[in-house]
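Novice: My numbering runs 43 ahead of the 1-based position in the sequence shown. Just so it is clear, CB atoms sit at the ideal spot from N, CA and C, and this is done for glycine as well. If you're wondering where the values come from, they're calculated on a predicted model, not measured in any experiment.
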Amino acid sequence: MMRSGAACLAMIWFLVWPLSAGAQDLRDLQARNAAAHALEDIRREAVQNQIAASNAQERARTQVILRGLNSGLVTGPVVLREWTPPPVDAEAMRRELDFDASMERLERLTQEALAQSNARMRAIRPASEPKE
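(1) The alpha helix (DSSP H) spanning Asp132 covers which residue range?
(2) Can you give the Cα-Cα distance for Glu101 and Ala77, rounded to whole angstroms?
(3) Would you tell me roughly how many angstroms separate the C-alpha atoms of Val131 and Asn98, rounded to the nearest one?
(4) Helix, strand or coil for Leu102, going by three-state DSSP, please let me know.
(5) Under a three-way DSSP split, which group does Ser145 fall into?
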């Protein structure tokens, strides 16, 4: 009887031992995952801190630039001159009128060619239509 009890205990131990080893492996895996998550959290926080520092530097640089521009505007010499339009060049006016006329002619010729093409397309009868 003692032998069968010892055999039972040995059998149970052989059955439970891999499960406990598996549980230990699971605990190790969970510990590794927790460590990996902690490292990822630290990395994210470091990146966020770098972004915040970069943003702060950029804001400071922008403020310095704006202050410099503002001080130059306030203390700089302000000279208002009367604005006069440039003289009208007769040659430039003629070239512009010629260009406008050429564009109108091109548009008219394009519309005429399109109308002729549409008329030819309407004149074509489908093969399924009976001939007269």
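Specialist: Quick answer:
(1) Counting along the chain, Asp132 falls outside any alpha helix (DSSP H), and DSSP gives it neither H nor E.
(2) 36 Å
(3) 51 Å
(4) It is Arg, not Leu, that sits at residue 102 in the sequence shown. Of the three classes helix, strand and coil, the one that applies to Arg102 here is helix, per DSSP.
(5) helix
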